[in-house]
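With the working numbering applied, the sequence shown covers 620 to 703.
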Amino acid sequence: METNILLETGNLTTAINLTAQGIACTFVPEEGAKVCQHPGAVTYFVIDSSDLVWDLAAVYRKDTYLTHLSLLFIEVMKQQLQRE
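Shown next, in the form of structure tokens:
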């Protein structure tokens with residue numbers, strides 16, 4: 620089987636809107652699919668596989684000071700995601 624990728628986008632809304640217009644199909648994170656809904660225009664289903672992983676990163680500007688609250692939020696998220 621050979622894939623024919625015509626377009627790649629990092630924008631979840633664009634990907635789903637192209638699908639809703641019948642221009643494309645797309646693979647998106649499950650949570651993102653729940654946010655951008657098009658009732659009656661698209662069908663969603665979950666691909667349940669332990670091999671699928673969505674890596675997350677905390678990104679901030681290099682020369683920016685992170686507040687204590689920001690650092691705490693990052694730490695809480697890391698702990699929460701390690702439990703799953």
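Here a beta-carbon is modelled for each residue, glycine too, at the ideal position from N, C-alpha and C.
- Lys681: not part of any alpha helix (DSSP H); DSSP gives it neither H nor E.
- Asn636 and Gln701 have their alpha carbons spaced roughly 33 Å apart.
- DSSP places Asn630 in the coil class of the three-state scheme, outside both helix and strand.
- Membership of His687 in the alpha helix (DSSP H) is indicated by the continuous run His687 to Arg702.
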